[in-house]
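Using numbering that gives the first Met the number 0, you'd call the opening residue of the sequence shown number 0 and step up by one each time.
Every residue, glycine too, gets a C-beta built ideally from N, C-alpha and C.
Inspection log for the structure reproduced underneath, given as structure tokens.
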Amino acid sequence: MRKIFPTCFVLAVLLSIIPAYVFAFTPSGLLEIHYINVGWGTSVLVIGPDGTRILMDGGRQGMGTSKVKPYMQSIGLMPADGLTYMLASHQHSDHIDGLTEVITGGYDVLNRIYYNGSDYSTPNVTAFRNAAATTTADSLTAIALGTVIQLGNGATATCVAANGSVWGYGAVPGASGEENDCSIGLLIKYNHFEYLYAGDLGGGDADNSCTGRNTSQANVETPLAQTIMPGGAHPLLTSYGVEVIHVNHHGSESSTNPDYMNLLTPRFACIATGSGQSPDYMFPRHDVVDHVLLAGVSCVTAPAATVLQSEEGNPAGSLTSYSGYCVGDFTFKTAGLINYIVNGDGAVTEGPDERAALGMPLTIALDEPPSDTTTPAVQVTSPNGGEQWSISSMHSITWTASDVVGIASYAIDYSTNSGSSWLAVQPQTSGNPQTFLWTVPSPASSNCLVRLKAWDIVGNLGSDNSNAVFSIIVLGDTTSPFVHVNAPNGGESWNMGTSHNITWSAGDNVGITNYKIEYSTDTGTNWLPIQDWTSGNPGSYSWAVPGTASTQCRVKVSCRDAASNTGTDNSDNNFTIYDPPPTVTVTSPNGAETWDCGTSHNITWTDSDNLGITSFKLENSTDAGSSWLLIQDWVAGDPHTFNWIVPNIPSTLNRIRVSCRDTSSGIGSDISNSNFIIRDNMPPSVTVTSPNGGDNWEIGSDHNIIWSATDNVAVTSFKIEYSINSGLSWLQVQDWTNGNPGTFSWNLPNTPSNQCRVKISCRDAASGLGYDFSDGDFSIGDATAPIVNITSPIGSENWNAGTSHNITWTSTDNVGVTSYKLDYSIDGGAGWISIQDWISGDPHLFAWTVPNTVSSDCRVRVSCRDAASNSGFDTSDASFTIFDSAPVVVVTSPNGGEVWNIGQVYDITWTATDNIEVAQYKIEYSTDDGANWVDPPIRDWTDGNPQTYSWTIPDTPSALCLVKVSCRDNALNLGLDNTDGNFTIFVSLPGCNYVVGDVNNSGGFSGLDVTYSVRYFKGGPDPLYSCECPTGSGNTWYVVGDVNGSCSFSGLDVTYMVRYFKGGPAPMACPSCPPSLLAPPGPLVKPSEIPAGNGIIERENDR
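Next up, the structure:
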């Protein structure tokens, strides 16, 4: 859309500081106008040169608390300071509710609270009056025409319109019955600066044929502008008009007629809009912004204004304009002598921040500046040549500056190239301190200069540079710059060939000297250049997106400091470069045409696509694009024209939509720029008789809607709608139905409002349409909140983390529950954690996977809401418990009886489960029946739960082996299991297979081996099967009989055998001999089975 850029004079700010009264809040000495971003609604704070403070309107409900108060505090205007005046332009809730909250939030009003004097009354008005009664001002005061509020130093605010009348003109016909047209008009002047504010004042629609504006509001704007211009009853303005106007009624079609624009010729037009408006408002309107304010039609002869708005209107629609600049909260500040400053803070929540596109901050010359040609005398005193200042050190820049009329502002720059180019140290700032503490930046240079510029109050500029160069030097530096890519950072979709800003944040201990930008289409595997190393660190780069489609794109920004330390960062996640759909433009009908039913007309369009158009589709809307009727379904080709027989569906809201598809199935479409007419000239005549204004009907009750309707032939069908916003938008009661009964029994819906109206539409046989709606507003009310009762959990339950349980409840409401929300608490209700945010429906049951938030003081809260946003809730009657359990572990192999060879690989297997998740496992083994566990373990704590592990058997032979598997979850709950019985670790060597202690070669170690050993030492036979183990001395031992590990077979081994069978230590092999099977494969013989009388006798040669 077209943007109008203002011409910015290269003039300095003429800001003379005016002495002020003593306030805790310190005034600047300037006239200040602050537009506070309250979304849909209005709030403007005026601060006079002497600190007089007028808060004009405060936005809708909630905005006083969330927006107006925080903004005033952010500029130093605290509750203790209070307000001098408060002004409600009119008494609609989107203007006064915020004022009520400002008062109840602690701000006193010290002088007067002005209102328009109308008899408009709602509960919101009553609340405003009650709040006013608590202030020093005591009550509301109806403002009188001609009232002047002194703002200090000659600045004034004059009431020029109120309650449907204009100062010097009188009552405007039709205005007194419409609260918007009763808005106060306030002209604020300071020397040569003028600003006009008039709330939601209307401008009629006599200019409809030129601008397309259409409204039922009276024209108060024209007599207001005429009375204050030269030749008017109170010519407060010159032929230059005003610098700034407030665009009335949020830029709706009822505001800003051509007379208002042509007479006042504003440089800036301010629109207060944003989120919160009704879907059918579509503020600001195209016919106001683009046709009137931007001088887009012939009846507007004034130059186009620069349109400022807090943010885009939301929800938007087909009639919404996007041509204004969104700048968040914005201000006008001036001494009223030569120029004024326009600035915004960019606090935009709907739409883009467009301050940079506008070039903010702006310095704008006034219409009638005074003359002064003497420039200030300026001299830089330090640094003045020869100094050496190190990077990041702090030094004072000092100067002298004087002027015949006084120094108003100054600015400081420095150069690292002997003045060829300059960098800002301090942007233009009011005052003349003559000293500035400077943290010396990088890069290093021996060709540095400082420049001081000073302006007087009429904008004359004087400047001076250092007499000679000084040096910025670098001490040792090894710190790399910090870089963070802000955009694109993942998830964006950027169209080939379009321009987008790559933005990043980067910092360094001494400063960044240059940067480089690259991009990747394969998640960073390869990088392509965008911008090679370039001096500076702008933080933003405008990139023409290349024709390389990919969903795996990333951007990398590298920054380097003066010491060549480099830092880089990439996009955190992938973004997409995609191929654009076709571009389509409907050329006919494109708005304002009148086509009769049954006639033939050509629909025409143009289109283009990078790949080529393959097919098209045509549709018609009779409701300005809300719904569509098929004219021609998808058909191959691209003819650019289609002969249409206009259907018998008369409407003034017709639009055509043309859709085109390209070879990659990309679809582009366009609709007529504005409505055209399908005509039937003789509609029925309709009169609504009930409800017709002032009625109070309850939600859920039954009432008769009554009307009369006549037609030159006959009424064939009727439709009934109702509105909850005085007719700005309509909701259906009864869709088109044959007949004309004149009465309809209506069960009142759950849409509470005090701005309700009923509309009856009737159609004749030729589809001629007539309608009427209630003459005044009536009320539909509901204030009953849902009743909620939790049935589970209600207290004492024990629910395991990770398991699923049903939260159940009952709920009732007089008109029905529309949505619900679930929370839980782990501290008895002191704090709440969301389970399910607001969601439509009322299922009475929610399957909850219990989180791992262990507590014995848990409660659940269920909240329910009805269509009127009344809400009720219930919490568990008492606390229940969320607990966490340890993993369950079962070792499945080895599990007892296995015989595993040393050096071989065997699988240790187990099962492990947990209510949440098994996070880690550990495996250990024992060779002494679990008395001790070998360190290091088989597998120390390791992430995961594989449930199998391949183990190479170590050289630790034993018949008393166990395996232990331990598992723990993320909460460090521990579960473990051991092998159920012993398994054996042994080695098999050729010619030396034996069981320790098996001296009788029975294949096992039993009490009979004790008997055999005793006989041996009494001269009996040698062990039947054994091994000899040679040593360096040539001695041998009977390895089978050596059970105490002494490497000899003696009577001591027999004693050891007996002790073993009585519960003593396990057999031990000679460590010098081959490893052996330390336990028999079968059961051991119990000590009681040893034959009686077998004593322990040593052989003679073993003593």
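| Query | Result |
| --- | --- |
| If you reduce the DSSP assignment to three classes, tell me which class ALA1078 lands in. | Here ALA1078 scores only 38 on pLDDT, less than 50, and its place in the model should not be relied on; the value that follows carries that caveat. Residue state, collapsed to three classes: coil. |
| May I ask you to report which of helix, strand or coil DSSP gives GLU100? | helix |
| Could you spell out the range, first to last residue, of the beta strand (DSSP E) harbouring THR874? | 870-874 |
| Within the continuous alpha helix (DSSP H) that includes MET71, where are the two ends? | 68-73 |
| I'd like the list of long-range same chain contacts for LEU448, defined as Cβ closer than 7 Å, with 5 residues on each side in sequence excluded. | TYR413, SER414, SER417, GLY418, ASN464, SER465 and VAL468 |
| Using DSSP's beta-bridge definition, name the partner residues of ALA356. | Beta-bridge pairing links ALA356 to no other residue. |
| Terminal residues of the continuous beta strand (DSSP E) containing ALA423? | 422-429 |
| Could you check what DSSP says for LEU223 in three-state terms: helix, strand or coil? | helix |
| Does the distance from the CB of HIS249 to the CB of ALA271 come in under 8 Å? | yes |
| Could you pull out every residue in the same chain whose Cβ sits closer than 8 Å to the Cβ of LEU975, ignoring the five residues on either side in sequence? | VAL888, LYS963, VAL964, SER965 and CYS966 |
| Let me know if ASN162 comes out buried or exposed under the rule of 16 or more other beta-carbons within 10 Å of its beta-carbon. | buried |
| How many whole angstroms separate the CB atoms of ALA268 and ALA304, which I take to be in contact at a CB cut-off of 8 Å? | 4 Å |
| Work out the CA separation of SER833 and ASN869 for me, nearest whole Å. | 20 Å |
| I need the DSSP call for THR955, collapsed to helix, strand or coil. | coil |
| In angstroms, rounded to a whole number, what distance separates the CA positions of ILE16 and TYR106? | Because ILE16 carries a pLDDT of 29, less than 50, the predicted location of this residue cannot be relied on, and no value is offered for it. |
| Starting from MET260, trace the beta strand (DSSP E) both ways and give me its first and last residue. | Per DSSP, MET260 belongs to no beta strand (DSSP E); it is in the alpha helix (DSSP H), 257-263. |
| Tell me the DSSP secondary structure of MET1067 in three-state form. | strand |
| Check TYR1059 in the structure and name its three-state DSSP category. | helix |
| Could you name the residues of the same chain whose beta carbon sits closer than 6 Å to that of ILE705, not counting the 5 residues immediately before and after it, in chain order? | THR688, SER689 and THR742 |
| With DSSP collapsed to three states, give me the class of ASP93. | helix |
| For the alpha helix (DSSP H) holding CYS596, just list the boundary residues, first then last. | Run containing CYS596: none; DSSP gives neither H nor E here. |
| Measure the Cβ-Cβ separation of PRO580 and GLY665 and say whether it is below 8 Å. | yes |
| To the nearest angstrom, how far is it from the Cα of GLY273 to the Cα of TYR189? | 30 Å |
| On the CB-based measure, 16 or more other CB atoms within 10 Å of its CB, does GLN308 come out buried or exposed? | buried |
| Tell me which residues share the same chain as PRO278 and place their Cβ nearer than 6 Å to its Cβ, disregarding the 5 neighbours each side in the sequence. | PRO314 |
| THR947: which of SER892, VAL994 and ASP836 sits nearest, CA to CA? | SER892 |
| Roughly how many angstroms separate the alpha carbons of TYR518 and SER534, rounded to a whole number? | 19 Å |
| Rounding to the nearest angstrom, what Cα-Cα distance links SER803 and THR874 in this structure? | 19 Å |
| Which same chain residues, not among the five before or five after PRO1086, have their C-beta less than 6 Å away from its C-beta? | Here PRO1086 scores only 32 on pLDDT, less than 50, and its place in the model is too uncertain to base an answer on. |
| Where does ARG654 fall in DSSP's three states? | strand |
| Can you give me the C-alpha to C-alpha distance between GLY1033 and CYS1046, rounded to a whole angstrom? | Residue confidence is low: GLY1033 scores 47 on pLDDT, short of 50, so the model does not pin down where it sits. No coordinate-derived value is stated. |
| Looking at the structure shown, is CYS755 part of a helix, part of a strand, or coil, going by DSSP? | strand |
| Using alpha carbons as the reference points, say which of THR103, ASN115 and ALA141 lies closest to ASN129. | THR103 |
| Provide the residue span of the alpha helix (DSSP H) that contains CYS209, from first to last. | 207-210 |
| According to DSSP, is VAL287 part of a helix, a strand, or is it coil? | helix |
| Can you confirm whether the segment 190-200 touches the segment 25-43 when touching is taken to mean that 3 or more C-beta pairs between the two stretches lie within less than 8 Å? | yes |
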